Amino acid sequence: MSIINNINKVFDHRIRLGIMSVLMVNEYADFNTLKDLLGATDGNLASHTKALEKADYITVEKQFIGRKPNTRYATTKLGKTAFNKHIEALEKLINKQ
1 MSIINNINKV
11 FDHRIRLGIM
21 SVLMVNEYAD
31 FNTLKDLLGA
41 TDGNLASHTK
51 ALEKADYITV
61 EKQFIGRKPN
71 TRYATTKLGK
81 TAFNKHIEAL
91 EKLINKQ
């Protein structure tokens with residue numbers, strides 16, 4: 001078995017890796033928080049969250065706070081499992097002698 005088998009293509013981009021990293025240690029994060037933390041543009045962040053949502057790795061909740069729209073994201077059980085496997089695969093690759 002190859003040491004890169006569990007490296008997940010969905011997490012290849014640094015923005016997606018960042019989104020998942022933030023969401024793994026927080027119950028949820030809203031769009032503006034992710035944007036600020038990752039230094040991403042609106043369009044860039046939107047396309048990457050859409051890709052993670054399509055893979056069923058995150059959920060998207062749209063709501064209003066007062067009159068302002070608010071979009072927040074959380075990891076799914078599938079997303080947490082896939083991300084943990086991805087990180088483990090990266091660690092094995094890095095530690096391979």
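Numbering-wise (the UniProt record's numbering), the sequence shown opens with residue 1 and increments by one.
All residues carry an ideal CB built from backbone N, CA and C; glycine is no exception.
None of these values were measured; they are calculated from a predicted model.
Query raised in the report: Going by other Cβ atoms of all chains shown within 10 Å of its Cβ, with 16 needed for buried, is G66 buried or exposed?
Result: exposed
Query raised in the report: Along the chain, where does the alpha helix (DSSP H) that runs through T76 open and close?
Result: Run containing T76: none; DSSP gives neither H nor E here.
Query raised in the report: What are the complete beta strand (DSSP E) segments, minimum 3 residues, inside the UniProt domain "Winged helix DNA-binding" (15-94)?
Result: 58-65 and 68-75
Requested in this report: Give the straight-line distance between the Cα atoms of A82 and Y57, rounded to the nearest whole angstrom.
Outcome: 8 Å
**Report entry** At least 3 beta-carbon pairs within less than 8 Å: the segment 34-47 vs the segment 75-93
**Finding:** no
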